[in-house]
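Participant:
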Amino acid sequence: MGGSAFGKLMLKLKSPLKIMEKKVALQVEEDKSSNVLASTSVSRVAEALDLPRSTVQKIMRNIIRYYPYKLQFVQELLPHDFETRHLFSLQFLARLKVDPEWPWNILWTDEAHFHLDGSVNTHNCRIWETDNPHSTLRVPLHSPKVTVWCGFSASFILSPYFLEELGAGGPVTCSITGQRYASLLRNKIIPDLQARQCLSRIIFMQDGAPPHITRCVTDVLKHHFAEERVISRQFRHLWPPRSPDLNPCDFCLWEHLKQLVSCDQLKTLPDFKDSISRHVLNISQNTLRSKVNMLS
Numbered sequence: 000m001g002g003s004a005f006g007k008l009m010l011k012l013k014s015p016l017k018i019m020e021k022k023v024a025l026q027v028e029e030d031k032s033s034n035v036l037a038s039t040s041v042s043r044v045a046e047a048l049d050l051p052r053s054t055v056q057k058i059m060r061n062i063i064r065y066y067p068y069k070l071q072f073v074q075e076l077l078p079h080d081f082e083t084r085h086l087f088s089l090q091f092l093a094r095l096k097v098d099p100e101w102p103w104n105i106l107w108t109d110e111a112h113f114h115l116d117g118s119v120n121t122h123n124c125r126i127w128e129t130d131n132p133h134s135t136l137r138v139p140l141h142s143p144k145v146t147v148w149c150g151f152s153a154s155f156i157l158s159p160y161f162l163e164e165l166g167a168g169g170p171v172t173c174s175i176t177g178q179r180y181a182s183l184l185r186n187k188i189i190p191d192l193q194a195r196q197c198l199s200r201i202i203f204m205q206d207g208a209p210p211h212i213t214r215c216v217t218d219v220l221k222h223h224f225a226e227e228r229v230i231s232r233q234f235r236h237l238w239p240p241r242s243p244d245l246n247p248c249d250f251c252l253w254e255h256l257k258q259l260v261s262c263d264q265l266k267t268l269p270d271f272k273d274s275i276s277r278h279v280l281n282i283s284q285n286t287l288r289s290k291v292n293m294l295s
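Taking numbering that gives the first Met the number 0, the leading residue of the sequence shown gets 0, the next gets one more, and so forth.
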C-alpha cells in the first residue's frame, strides 16, 4: 500500500473518533451552561451521548483537558458584603504599609465544635485489599462534642478554653451566650494575657456573632483593650460579616487540629479534651507566624 493510500485509510479510521470528541466537547459545554455550578460530570455526558463512561472520561481528560476537582463549600455572601470586605482589606493593607509588624499583635479568636466520633472524611479514607471488604463505619446520631474557644497571635497561642458547665455527672458542653463569653474573657482570657505581659499591645479580633457583641462583652473589651484595639462588629474597626475565610483560625487552625485529634481515635470526652489541648500547645511559633504572614 502506497503512502498516500495509507494516509487516507488512517484519516478514515480517525474520523469517527474526531466526531466523538466533538460530540463530547459540545455536550460538556451544554452541560456547563445549564448547570447551576457551571460544571459537568462524566456520568451526565456519557448518559446524554449513550457512550461508555470510560470512553468519555478518556476524551475529557486526554483530549479536551478536563480534570476532576473537589467541590469546596464557602460562606455565602450577601450583595453588600463585598463592599464591606473590600473596605476592610484596604484598611488592613494601609495599616500594614505603615507598620509591617502590626498584624503580629492581633489575637485571632474563634470557637469551633469538635465531635468525638471524628466526623471521618470518607473521601480521603481508602482501604486497600485484593477484594472489596465492604467496610462500614457506624456513626452515632448525636455524637458527643465539645465547643472550644481558641486565640493565637504570631508569637503565641493561648490554651484552649472549653465552653461547658458543671452538671450532675461532671462538665457538660453548653452553648455560648453573652454572659458566658464575658465570664470567659474576665476570668480566663484577660488574666492569661496579663500573665504573658502582652495585654497592653494586643489587638483583639472576634467575629460578629451575637454573643460577641452583647453589652456585657463590649464593656469588658472596651475596658481592657479600648476602642482602638478591638476588631469586631460594633467597634470602630469593623470585622466584615460572613468572613471566616479572612480569619486564620477558620482557614487553617481548626481543620489542622481536627485532623490531628481524629487520628488519636479517642473514646471519652476527658481524653478528647486533653488531646485537643496537647495538639494546640504543640503548635510552634514558626507555624503561627507563617499563618499570620499569609494575610500580608
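All C-beta atoms in this analysis are idealised placements derived from N, C-alpha and C, irrespective of residue type, glycine included.
Since this is a predicted model, take the numbers as computed values, not measurements.
Keeping to the same chain, check which residues put their C-beta closer than 8 Å to that of Ser182; ignore five residues upstream and five downstream.
Facilitator: Position 183 of the sequence shown, counted from the start, is the residue given in the question as residue 182. Excluding positions up to five away in sequence, the list is empty.
Participant: If we ignore side chains and look at the alpha-carbon of each, how far apart do Gln196 and Ser231 end up?
Facilitator: Position 197 of the sequence shown, counted from the start, is the residue given in the question as residue 196. Position 232 of the sequence shown, counted from the start, is the residue given in the question as residue 231. Taking the straight line joining both Cα atoms gives about 23 Å.
Participant: For a minimum of 3 consecutive residues, which ranges assigned as the beta strand (DSSP E) are wholly contained in the stretch 270 to 294?
Facilitator: Entirely contained in the stretch 270 to 294, not one beta strand (DSSP E) run reaches 3 residues.
Participant: Counting C-beta neighbours from all protein chains within 10 Å, is the total for Gln204 16 or more, i.e. buried, or is it exposed?
Facilitator: Counted from its first residue, the sequence shown places residue 204 at position 205. This sequence places Met at residue 204; Gln is not what is there. Buried, because 16 or more other Cβ atoms sit within 10 Å of the Cβ of Met204.
Participant: For a quick check, are the C-beta atoms of Ile212 and Gln233 less than 8 Å apart?
Facilitator: Looking up residue 212 in the sequence shown gives position 213. Looking up residue 233 in the sequence shown gives position 234. Their beta carbons are under 8 Å apart, which means Ile212 touches Gln233 by this criterion.
Participant: List the DSSP bridge partners of Cys197.
Facilitator: Reading the sequence shown from its first residue, position 198 is the one you call residue 197. DSSP, once it has assigned bridges, lists no residue as partnering Cys197.
Participant: Can you round the beta-carbon distance between Ser154 and Trp107 to whole angstroms, since I take them to be within the 8 Å contact cut?
Facilitator: Stepping through the sequence shown from its first residue, residue 154 is reached at position 155. Stepping through the sequence shown from its first residue, residue 107 is reached at position 108. Their Cβ separation, rounded to whole angstroms, is 12 Å, which puts Ser154 and Trp107 out of contact at 8 Å.
Participant: In whole angstroms, what is the alpha-carbon distance linking Pro170 and Thr267?
Facilitator: Start at 1 with the first residue of the sequence shown, and residue 170 comes out as number 171. Start at 1 with the first residue of the sequence shown, and residue 267 comes out as number 268. Rounded to whole angstroms, Pro170 to Thr267 spans 12 Å at the Cα level.
Participant: For the alpha helix (DSSP H) that Phe224 lies in, which residues bound it at each end?
Facilitator: To locate residue 224, count along the sequence shown from 1; it is residue 225. Unbroken alpha helix (DSSP H) run through Phe224: 214 to 224.
Participant: Would you check if the distance between the CB atom of Leu157 and the CB atom of Asp191 is smaller than 8 Å?
Facilitator: One-based indexing of the sequence shown puts residue 157 at position 158. One-based indexing of the sequence shown puts residue 191 at position 192. Taking 8 Å as the Cβ cut-off, Leu157 and Asp191 qualify as a contacting pair.
Participant: Using the three-state DSSP reduction, which class does Ile175 fall into: helix, strand or coil?
Facilitator: Translated into the one-based positions of the sequence shown, residue 175 becomes position 176. Here Ile175 sits in coil by DSSP.
Participant: Could you tell me the alpha carbon to alpha carbon distance between Pro247 and Lys290, rounded to whole angstroms?
Facilitator: Stepping through the sequence shown from its first residue, residue 247 is reached at position 248. Stepping through the sequence shown from its first residue, residue 290 is reached at position 291. When rounded, the distance between both Cα atoms is 7 Å.
Participant: May I ask you to report which of helix, strand or coil DSSP gives Leu183?
Facilitator: As a working mapping, residue 183 is identified with position 184 in the sequence shown. Helix at Leu183.
Participant: Near His114, which residues of its chain fall below 7 Å by C-beta distance, leaving aside the five closest residues on each side in sequence?
Facilitator: Taking the first residue of the sequence shown as position 1, residue 114 is located at position 115. Ser142, Lys144, listed in sequence order.
Participant: How is the alpha helix (DSSP H) around Leu256 delimited, first residue to last?
Facilitator: Here residue 256 refers to the residue found at position 257 when the sequence shown is read from its first residue. From DSSP, the alpha helix (DSSP H) with Leu256 extends over 253 to 263.
Participant: On a CA-only basis, which of Asn281, Ile202, His223, Leu280 is nearest Leu184? Give me that one, please.
Facilitator: In the sequence shown, the residue the question calls residue 184 occupies position 185. If we check each option's Cα against that of Leu184, His223 comes out closest.
Participant: Which residues in the same chain as Leu265 place their Cβ atom closer than 8 Å to its Cβ, once the five residues preceding and following it in sequence are excluded?
Facilitator: Reading the sequence shown from its first residue, position 266 is the one you call residue 265. These residues qualify, in order along the chain: Leu115, Phe271, Ser274.
Participant: Quick one: what's got a C-beta closer than 7 Å to Thr172's C-beta in the same chain, skipping five residues either side?
Facilitator: Here residue 172 is taken as the residue at index 173 of the sequence shown, counted from 1. Answer for Thr172: Lys144, Val145, Thr146, Leu162, Glu163, listed in chain order.
Participant: Taking a contact to mean a Cβ-Cβ separation below 8 Å, would you say Val339 touches Pro99 in this structure?
Facilitator: Any property of residue 339 remains undetermined from this structure, which presents the chain solely from 0 to 295.
Participant: How should Asp109 be labelled, buried or exposed, when 16 other C-beta atoms within 10 angstroms of its C-beta is the threshold for buried?
Facilitator: For the purposes of this step, residue 109 is taken as residue 110 along the sequence shown, with counting starting at 1. The residue in question, Asp109, is buried, as its Cβ has 16 or more Cβ neighbours within 10 Å.
Participant: Going by the beta-carbon positions, is the gap between Asp80 and Pro240 smaller than 8 Å?
Facilitator: The residue you call residue 80 lines up with position 81 of the sequence shown. The residue you call residue 240 lines up with position 241 of the sequence shown. A contact, by the Cβ cut-off of 8 Å.
Participant: Does DSSP put Ile111 in a helix, in a strand, or in coil?
Facilitator: Within the sequence shown, the letter at position 112 stands for residue 111. It is worth fixing the name first, because residue 111 is Ala in this sequence and not Ile. Of the three classes helix, strand and coil, the one that applies to Ala111 here is strand, per DSSP.
Participant: Please identify the residue among Ile202, Ala111, Ala93, Thr176 whose C-alpha is closest to the C-alpha of His255.
Facilitator: Taking the sequence shown and counting its residues from 1, the one referred to as residue 255 is at position 256. The shortest C-alpha separation from His255 is found at Ala111.
Participant: What did DSSP end up calling Leu192 once you bin it into helix, strand or coil?
Facilitator: On the sequence shown, position 193 is the one that residue 192 refers to. Helix.
Participant: Under the DSSP definition of a beta bridge, which residues are partnered with Gly207?
Facilitator: Position 208 of the sequence shown, counting from 1, holds the residue named residue 207. Gly207 pairs with nothing; no bridge assigned.
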